[in-house]
Amino acid sequence: MSKPRVLYWFRTDLRLHDSPALKAALDLQPEVLYPIWCWDPHYVYHARVGNNRWQFLIDCMNDVSRSITNLNPNSKLFVLREPAVTLLSKLFTAWRITHIVFEKDTDAYARERDKQVVESARKAGVEVIVKSGRTLWDSDDIVKAHNGKPTMSISQLQSAGSKVGDIALPIEPPKSIPNPGDTNLDIKQERPSSEPDINEQYRDADEGSYSFGIAGPNGDYSVPTLKELGLKAATTPHRGGESVVLGKLHIILADEDYTGTFEKPKTSPAAFEPQATCLTSPYLHFGALSCRYFYHRIEEIVERRRKAKRPVSEPPTSLTGQLLFRDMYFAAQAALGYSFGQTYNNDHCRFIPWHLPSRIDVSTKLITGDYEVDDEVKQREFIRWREGKTGFPWIDAIMRQLKYEGWIHHLARHAVACFLTRGGCYISWERGAEVFEEWLIDHEAACNIGNWQWLSCTAFYSQFYRCYSPIAFGRKWDDNGDFIRKYVPELKDMPKKYIYEPHKAPVQDQKKAGVLIKGDGEEEERDGTRVYPKPMFDFPTQREICIQGMKAAYHVGLRGKSPQVLDGTWKRLFDDHAEGPTEGGLGGPGGMMSFDNVDGIEIRHRAPATPKRGVKREASDASPSKSAHTRVRGQSTLDGAFRKKKP
DNA sequence: CACTATGTTGAGTCT
DNA sequence: GAGACTCAACATAGT
1 MSKPRVLYWF RTDLRLHDSP ALKAALDLQP EVLYPIWCWD PHYVYHARVG
51 NNRWQFLIDC MNDVSRSITN LNPNSKLFVL REPAVTLLSK LFTAWRITHI
101 VFEKDTDAYA RERDKQVVES ARKAGVEVIV KSGRTLWDSD DIVKAHNGKP
151 TMSISQLQSA GSKVGDIALP IEPPKSIPNP GDTNLDIKQE RPSSEPDINE
201 QYRDADEGSY SFGIAGPNGD YSVPTLKELG LKAATTPHRG GESVVLGKLH
251 IILADEDYTG TFEKPKTSPA AFEPQATCLT SPYLHFGALS CRYFYHRIEE
301 IVERRRKAKR PVSEPPTSLT GQLLFRDMYF AAQAALGYSF GQTYNNDHCR
351 FIPWHLPSRI DVSTKLITGD YEVDDEVKQR EFIRWREGKT GFPWIDAIMR
401 QLKYEGWIHH LARHAVACFL TRGGCYISWE RGAEVFEEWL IDHEAACNIG
451 NWQWLSCTAF YSQFYRCYSP IAFGRKWDDN GDFIRKYVPE LKDMPKKYIY
501 EPHKAPVQDQ KKAGVLIKGD GEEEERDGTR VYPKPMFDFP TQREICIQGM
551 KAAYHVGLRG KSPQVLDGTW KRLFDDHAEG PTEGGLGGPG GMMSFDNVDG
601 IEIRHRAPAT PKRGVKREAS DASPSKSAHT RVRGQSTLDG AFRKKKP
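Sequential numbering of the first sequence, starting at 1, is according to the UniProt record's numbering.
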């Protein structure tokens with residue numbers, strides 16, 4: 001009997017250490033093994049991927065390719081410029097493949113893609129081997145152990161995990177890699193549609209993912225460069241790769257006090273050079289670091305310290321606790337699929353009438369990636385938040401660090417996420433999640449979505465009255481404002497007294513510091529002096545509006561699958577003057593104002609385009625035209641209900 | 001059913 | 001400067 005001819009399909013498992021899938025491939029004792037990467041249009045065109053994350057991915061691919069070559073000079077990572085769903089069936093024949101092996105991916109999109117690949121393998125008589133390796137436990141096992149429901153708290157995850165069993169011990173990296181077979185290919189390349197290409201903004205030349213043919217510009221299946229892809233140079237200082245992270249980890253683990261007593265809430269979001277946390281998240285995302293390897297290396301140290309009666313930290317705040325949260329979000333996503341990423345049609349999300357709501361395709365019940373501008377003021381606030389020009393230096397420093405470096409501390413993510421949603425702008429968490437998706441080098445769909453739901457008090461968390469101040473929270477960690485001085489350099493000479501609130505500095509202090517505090521962020525310089533904007537709103541006022549809005553939304557108590565959310569009648573339950581696009585009695589699906597964007601769906605209603613801004617917020621002077629809407633509750637009823645249940 | 005304790009990561013005031 | 005307490009208040013698990 002002839003020996004197996006194996007395709008090892010690398011995806012987000014760009015490592016050789018502790019890879020159950022790679023071990024399974026090598027255990028077949030193949031005659032030939034092709035380590036391949038298929039160029040996926042989802043990543044190139046459809047998902048939001050900034051050039052910093054591209055660079056990090058390319059680093060990881062180059063690193064794993066070098067590691068393969070170190071084990072076998074004839075082999076490397078073969079990058080094929082065609083989507084897996086069209087390429088693989090042709091490859092099965094051309095390279096006489098008997099087995100395809102890959103690591104399980106529970107992301108909603110990846111499940112769809114992999115289902116098609118498995119089907120094409122079945123048709124070709126190719127055996128498929130899929131191994132879980134991305135999480136501590138197989139996320140589908142966790143869901144099963146949790147009765148098919150998403151894990152919504154760390155204790156639920158821990159209890160489900162204990163039912164599934166022990167976290168697998170790490171697997172040694174291979175000592176050798178078989179030869180690849182003949183790599184000549186005489187097949188027709190199918191190029192995917194580039195529509196919609198939402199990453200066009202990152203290119204300054206023609207996109208070259210597919211234009212050089214399957215084997216790339218040199219015909220050698222090389223890892224592409226940013227230049228080949230037409231992408232602008234990355235600005236992040238963080239470099240990817242398995243060997244990079246294993247080196248970093250060696251240093252982290254050598255500090256046993258740090259590793260053994262790590263408590264996430266006590267690490268500073270304002271620390272830079274070095275950062276207060278390990279910065280392992282992007283490596284975990286691309287699979288350059290195995291979470292189980294990381295987990296057991298930490299546990300070794302913690303166990304040793306326990307025996308020696310030295311202090312140790314415990315989940316959820318400890319380092320292993322961070323990995324448990326990651327598994328919690330993965331399992332929640334595994335249970336819910338695409339709907340995990342949106343409020344609409346997701347019963348685990350509370351419905352809150354945020355500004356800038358996502359557009360929804362009623363035929364698929366999915367968000368479209370576009371959104372509705374219910375209020376131009378809110379749109380401007382969103383852009384200013386995104387670009388780091390809110391006039392709140394702490395927020396702006398974080399957003400600029402995110403944009404240029406692609407990584408920000410976990411608590412910094414809290415600060416800006418709270419500010420955009422429930423603790424400042426009252427803008428949809430889905431807008432914020434999209435920006436993070438685009439800019440983070442460690443973007444992990446499950447974790448990003450879950451954390452945005454958490455911070456916006458949409459799911460996982462509900463204590464909306466615990467609100468981060470854009471002034472006090474930063475000051476607690478960094479009184480001198482060194483973090484702001486680095487990332488908002490126009491404020492670098494601002495006196496400490498005013499660094500968090502520069503608009504309060506007298507004009508002579510501003511001049512002395514070489515910066516003028518004025519305007520809305522449009523103007524960057526005047527007469528040779530740098531300009532930094534005034535705050536875009538009064539924070540205490542806006543905080544109060546948000547908390548009242550959250551109270552009202554919680555009291556109404558709708559969820560993403562409530563009939564009123566699905567059909568747009570949710571507006572009847574909200575006062576017209578409640579925060580968000582709440583006017584009228586019938587809106588579009590989800591939080592939308594109108595219902596006119598879906599092909600083939602009858603236009604049932606179009607909300608009045610009256611902007612609410614400028615309308616007095618007192619409920620009593622509602623105009624007669626507005627009171628024509630049928631409302632289940634008036635503001636007075638709601639106010640009564642807000643009082644404490646107990647007198 | 002009522003009640004209590006707890007939940008990785010708030011802010012402000014007082015001691 | 002660290003720690004206790006209060007502010008107003010949500011959801012859930014457990015008793």
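We put the CB at the ideal spot given by N, CA and C, even for glycine.
8 Å Cβ cutoff met for residue i and residue j
i	j	result
residue 650	Pro224	Lying outside 1 to 647, the shown extent of the chain, residue 650 is not represented and no answer is given.
Cys60	Ala288	yes
Tyr461	Phe419	no
Leu319	Thr267	no
Gly580	Gly568	no
Glu228	Thr86	no
Gly584	Lys571	yes
Val44	Ser155	no
Gly230	Glu207	yes
Thr280	Asn52	no
Check: residue i C-beta below 7 Å from any heavy atom of the ligand COA
i	result
Thr135	The ligand content of the structure shown is nil, which means the ligand COA is not present either.
Euclidean distance between Cα positions of residue i and residue j
i	j	result
Gly50	Gly590	28 Å
Ala276	Gly388	22 Å
Arg48	Ser120	28 Å
Pro4	Ala124	15 Å
Arg359	Glu430	11 Å
Gly423	Val126	53 Å
Pro174	Ala21	12 Å
Asp375	Leu80	45 Å
Ser2	Ser243	35 Å
Trp137	Ile129	18 Å
Pro192	Ser211	11 Å
Ile350	Pro180	The amino acid occupying residue 350 in the given sequence is Arg; Ile does not appear at that position. Rounded to whole angstroms, Arg350 to Pro180 spans 52 Å at the Cα level.
Pro217	Ile68	22 Å
Lys90	Val6	14 Å
Val373	Asn345	21 Å
Asp40	Gly213	14 Å
Trp354	Glu525	34 Å
Cys278	Ala412	15 Å
Ala233	Ala205	11 Å
Pro316	Asp527	52 Å
Arg239	Trp454	29 Å
Ala397	Lys486	8 Å
Cβ distance (whole Å) where residue i is taken to contact residue j below 8 Å
i	j	result
Ile367	Ala553	In fact, because the Cβ distance is near 19 Å, the residues do not count as touching under 8 Å.
Asp105	Arg203	That belief does not hold up - the Cβ atoms of Asp105 and Arg203 are roughly 26 Å apart, past 8 Å.
Arg475	Tyr500	6 Å
Tyr338	Ala108	4 Å
Asp13	Gly133	6 Å
Ile395	Pro470	5 Å
Asp18	Tyr426	No, Asp18 and Tyr426 are not in contact; Cβ-Cβ is about 44 Å, not under 8 Å.
residue 721	Val117	Residue 721 lies beyond the residue range present for the chain, which begins at 1 and ends at 647; the question has no answer from this structure.
Pro357	Phe56	Not quite, the Cβ-Cβ distance comes to about 32 Å (not below 8 Å), so this is no contact.
Pro311	Thr261	5 Å
Leu323	Trp54	Actually they do not touch by this definition, with Cβ atoms about 26 Å apart.
Exposed unless 16 or more other CB atoms sit within 10 angstroms - verdict on residue i
i	result
Ala609	The pLDDT assigned to Ala609 is 41, lower than 50, so where the model puts this residue is not dependable; a value taken from the coordinates is nonetheless given after this. Per the 10 Å Cβ criterion, exposed.
Glu381	buried
Gly247	exposed
Leu16	buried
Thr93	exposed
Ala628	Note on Ala628: pLDDT 26, under 50, position unreliable in the model; no value is reported.
Glu405	buried
Pro274	exposed
Asp479	exposed
Arg604	The predicted model places Arg604 with a pLDDT of 42, which falls under 50 and marks its position as unreliable; any figure quoted below should be read in that light. By the 10 Å Cβ count, Arg604 comes out exposed.
Lys403	buried
Ala578	buried
Glu299	exposed
Pro35	buried
Leu169	exposed
Glu103	buried
Is there contact here, the region 326-339 with the region 437-453, by at least three beta-carbon pairs under 8 Å?
-> In short, these stretches touch, since the Cβ pair count reaches three.
Answer yes if the region 530-542 comes into contact with the region 388-403, meaning at least three C-beta pairs across the two stretches below 8 Å, and no otherwise.
-> Yes, they touch.
Kindly confirm or deny that the region 195-210 and the region 161-180 touch, where touching means at least three C-beta pairs closer than 8 Å.
-> Too few Cβ pairs lie closer than 8 Å, so no.
Touch test, the region 508-522 against the region 534-545, Cβ-Cβ under 8 Å, three pairs minimum = With the cut-off at 8 Å, the region 508-522 and the region 534-545 touch.
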